[in-house]
Amino acid sequence: MAEVVFDKASRIYTPGAKPAVDGLDLTVADGDLVVLVGPSGSGKSTALRMLAGLEPIDAGSVRIDGRDVVDVPSKDRDIAMVFQNYALYPSKTVAENMAFPLKMRGMDKEERAQRVRQAADMLGLTEYLDRKPKALSGGQRQRVAMGRAIVREPQVFLMDEPLSNLDAKMRVQTRAQIAEMQNRLAVSTVYVTHDQVEAMTMGDKVAVLADGKLQQYATPPELYDRPINAFVAGFIGSPAMNLLDLPRSSSGVTLGGVEIPLPRDISDAAGSRDKLTVGIRPEDWVLESNDADASSVIKAVVDVVEELGSESYLYAHLAEDTGTTIVVRGPGRVGVRFGDPIAVRPNPEALHVFDAETGQRLP
Amino acid sequence: MTATLEERPAASPETGGKPMIDRAEGWRRRAPLLPALIFTIIVTQIPFILTLWYSLQSWNLVRPGSQEFVGFANYLDVFADSQFRQVALNTVIMTLGSVLIAVVLGLLLALLLNRPFFGRGIVRTLLITPFLITPVAAALLWKTVLLDPTLGLINFVLTPFGGSGTEWISNYPLASVMAALIWQWTPFMMLLLLAGLQSMPTDQLEAARVDGASAWSTFRELTLPHLRRFIELGVVLGTIYLVNIFDQVYMMTQGGPGVASANLPFYIYQRAFLGFDIGQSAAMGVVVVILTLIAANFALRLIFKSFSGEQEAA
């Protein structure tokens with residue numbers, strides 16, 4: 001159990017080129033599960049591998065439990081890692097796979113067997129202990145990989161997209177298992193994923209990365225409610241937030257010929273900018289009657305309807321400005337079809353406003 | 364082995380749930396293969412049947428009209444022939460010894476080549492060249508350039524250390540032939556094992572690093588099991604080829620002195636084309652074919668077993 005600190009840690013593959021991880025500052029509190037999330041090439045896996053000792057740390061430092069590990073080889077960092085493809089040893093049985101890190105540490109046979117039994121018990125692998133990985137299903141292999149990490153009782157768990165090779169149902173199930181187990185063991189965990197749903201559901205805190213830089217590090221609700229910039233706003237949430245570049249008007253911004261008033265603090269912060277990026281989550285649109293007064297509602301035409309049962313998402317383009325598309329959440333039985341006109345109004349309380357140039361949140 | 368191979372195509376259409384094909388359709392599908400099959404039978408099986416026939420005759424070419432049926436007398440002579448037993452033992456030592464040493468050396472070279480260093484491409488090409496040289500030329504090279512007692516490079520290099528004038532080929536004939544064979548076959552093993560090493564999943568190696576394995580444990584616990592089937596393949600292919608080797612023996616020692624460095628192909632050649640004893644050499648040939656079939660059956664079974672995905676990627 002330990003605190004993990006990235007202190008301006010950088011990984012530079014080729015000198016002079018853009019760093020894969022650029023001055024990452026991040027503190028994982030003892031016992032927390034922190035998710036690194038971002039699109040491909042954002043540096044999230046590289047950051048994890050730097051912590052694992054599989055990539056060198058070219059600048060800055062990484063500390064585990066207060067100890068600088070820049071020059072410490074992987075095996076002495078007291079970490080355990082779960083790989084995306086599980087990286088099980090094909091020539092060894094499940095029990096041998098799980099015992100391998102203990103064997104390498106020189107633990108005697110009795111204790112090894114006992115620890116493996118315990119972990120297998122916890123993961124429901126007892127009856128598979130004598131099988132080779134080849135004879136296991138994807139979910140079972142994943143659990144063996146988890147087991148190999150657990151038996152070590154490390155200070156930190158590292159998980160590199162451990163669920164990406166499972167089918168959808170298995171993924172949801174295993175997601176909950178991992179979160180539950182991590183809570184029980186209370187071992188600090190760094191978890192890498194590109195799936196923002198995994199990030200939001202599993203993380204005590206979530207770090208959003210893009211282009212090797214940390215964008216925002218916060219709890220899931222905070223990320224959702226107050227994204228720090230337009231990138232985070234668009235990345236977190238599914239379907240993604242509507243991000244619209246809108247011109248200023250006297251008291252707000254104009255969308256589809258309709259003026260949307262901005263709250264005082266935002267318009268103060270916006271100052272004299274003549275353009276703003278306004279973010280509206282799909283659920284923050286209010287569906288109005290089509291007869292409503294044209295000066296207060298935005299008219300749009302539906303392109304696609306996704307009915308999910310309890311709710312539905314309408315993908316529509318504006319009637320005034322056909323190049324602008326929006327996503328609107330509606331009730332489960334929304335009763336509109338392709339080509340139908342709708343009228344919507346954004347909830348003024350729930351607007352996210354960003355600088356159109358820098359993408360930074362206002363205020 | 365043959366049984367499992369032949370069963371598969373026949374079984375798959377049925378298990379695949381396709382309708383059974385009738386006889387005419389079966390022959391129509393087989394027809395394009397028939398010319399090749401007939402040709403193969405003509406060039407392999409007819410000579411073999413003739414050899415079986417010759418092996419039951421007493422027939423020496425230098426005594427015309429001597430041909431007569433003698434039953435299994437030739438076979439009794441073969442098993443009573445102490446030279447034949449000596450040569451058979453030579454063949455085993457030469458084949459297995461060369462193959463195993465080549466595999467070990469090839470593994471060492473492959474491990475070195477599997478790590479990045481400056482000029483790796485050139486080094487790799489240079490290491491492969493012995494395999495590309497014609498066996499006769501290679502044998503000549505070893506006989507004259509390297510092992511010649513007065514002009515050879517090996518004695519030249521050893522001179523400062525007090526060892527000169529050693530008659531390598533006369534004193535150590537079998538070892539000399541084997542040295543030439545190993546020199547030629549190490550690159551083959553190296554290439555095979557290098558391919559094996561490069562197909563090793565990197566995440567397993569990384570997992571081993573995180574799990575605290577030392578370089579030696581990683582090699583013993585992970586790399587060697589992964590390479591097992593490549594090593595088996597190398598041993599089987601090398602054995603199949605080297606058991607038939609002729610060039611080096613012929614060029615370097617002529618099997619001598621006596622039969623000290625002769626192997627079975629060379630000995631049979633000697634008996635047939637220098638001794639003109641067709642019956643005897645045919646009998647030897649048959650014995651060799653039977654022994655080879657037994658050995659090859661075991662070897663091929665092993666290799667098919669390990670390549671039929673016994674430990675396919677996890």
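Residue numbers (this note's numbering), protein chains in the order written: chain S, 1 to 363; chain V, 364 to 677. For each residue, glycine too, the CB sits at the ideal point set by N, CA and C.
With residue i and residue j assumed to form a contact (beta carbons below 8 Å), what rounded beta-carbon distance in angstroms separates them?
| i | j | result |
| --- | --- | --- |
| residue 451/V | residue 627/V | 6 Å |
| residue 484/V | residue 552/V | Contact flag wrong, Cβ pair sits at about 20 Å. |
| residue 11/S | residue 58/S | 6 Å |
| residue 537/V | residue 453/V | 6 Å |
| residue 528/V | residue 518/V | 7 Å |
| residue 192/S | residue 45/S | 6 Å |
| residue 599/V | residue 641/V | That pair is no contact at about 32 Å. |
| residue 39/S | residue 210/S | 7 Å |
| residue 263/S | residue 348/S | 7 Å |
| residue 414/V | residue 645/V | 5 Å |
| residue 301/S | residue 317/S | 6 Å |
Under 7 Å between C-beta atoms, does residue i make it to chain S?
| i | result |
| --- | --- |
| residue 440/V | no |
| residue 377/V | Unreliable placement is indicated for residue 377/V, whose pLDDT of 43 sits below 50; the coordinate value is still reported in the next sentence. No, because no Cβ of chain S sits closer than 7 Å to the Cβ of residue 377/V. |
| residue 588/V | yes |
| residue 595/V | no |
| residue 575/V | yes |
For a cutoff of 7 Å on Cβ pairs, would you count residue i as touching chain V?
| i | result |
| --- | --- |
| residue 331/S | no |
| residue 166/S | no |
| residue 360/S | no |
| residue 154/S | no |
| residue 83/S | yes |
| residue 52/S | yes |
| residue 346/S | no |
| residue 364/S | For chain S, the structure presents residues 1 to 363; residue 364/S sits outside this window and is missing. |
| residue 343/S | no |
| residue 67/S | no |
Taking 7 Å as the threshold (C-beta atoms), are residue j and residue i in contact?
| i | j | result |
| --- | --- | --- |
| residue 88/S | residue 175/S | no |
| residue 162/S | residue 82/S | yes |
| residue 254/S | residue 261/S | no |
| residue 225/S | residue 277/S | no |
| residue 22/S | residue 213/S | yes |
| residue 104/S | residue 116/S | no |
| residue 5/S | residue 67/S | no |
| residue 432/V | residue 441/V | no |
| residue 593/V | residue 555/V | yes |
| residue 618/V | residue 631/V | no |
| residue 158/S | residue 206/S | no |
| residue 101/S | residue 152/S | yes |
| residue 545/V | residue 465/V | yes |
| residue 313/S | residue 303/S | no |
| residue 305/S | residue 343/S | no |
| residue 208/S | residue 188/S | no |
| residue 31/S | residue 186/S | yes |
| residue 232/S | residue 216/S | yes |
| residue 179/S | residue 275/S | no |
| residue 123/S | residue 147/S | yes |
| residue 290/S | residue 566/V | no |
| residue 112/S | residue 125/S | no |
Closer than 6 Å to a non-hydrogen atom of the ligand MG - does that hold for the CB of residue i?
| i | result |
| --- | --- |
| residue 563/V | Summarising the ligand content, the structure contains no ligands, and the ligand MG is consequently not present. |
Note down, in chain order, every chain V residue with its Cβ under 9 Å from the Cβ of residue i.
| i | result |
| --- | --- |
| residue 125/S | Within 9 Å Cβ-Cβ: nothing; residue 125/S doesn't reach chain V, min ~15 Å. |
| residue 80/S | 573, 574 |
Please compile the residues from chain V whose C-beta is within a distance smaller than 8 Å of the C-beta of residue i.
| i | result |
| --- | --- |
| residue 87/S | 564, 566, 567, 569, 570 |
Check the Cβ of residue i against every Cβ in chain S and list those closer than 7 Å, keeping chain order.
| i | result |
| --- | --- |
| residue 580/V | 104 |
Which residues in chain V sit within 7 Å of residue i, going by Cβ to Cβ distance?
| i | result |
| --- | --- |
| residue 188/S | Those within 7 Å of residue 188/S in chain V number zero; the least Cβ separation is about 16 Å. |
| residue 100/S | 574 |
Show which residues of chain S have a CB atom less than 8 Å away from the CB atom of residue i.
| i | result |
| --- | --- |
| residue 585/V | 89, 91 |
Do the region 456-472 of chain V and the region 539-558 of chain V meet, that is, are 3 or more Cβ pairs less than 8 Å apart? yes
Answer yes if the region 264-272 of chain S comes into contact with the region 303-317 of chain S, meaning at least three C-beta pairs across the two stretches below 8 Å, and no otherwise. no
Are the region 494-508 of chain V and the region 601-615 of chain V touching, with three or more C-beta to C-beta distances below 8 Å? yes
Does the contact criterion of 3 or more C-beta pairs under 8 Å hold for the region 193-206 of chain S versus the region 31-50 of chain S? yes
Does the region 278-297 of chain S touch the region 320-337 of chain S, meaning 3 or more C-beta pairs lie closer than 8 Å? yes
Could you say if the region 409-428 of chain V and the region 559-573 of chain V meet the contact criterion of at least three C-beta pairs nearer than 8 Å? no
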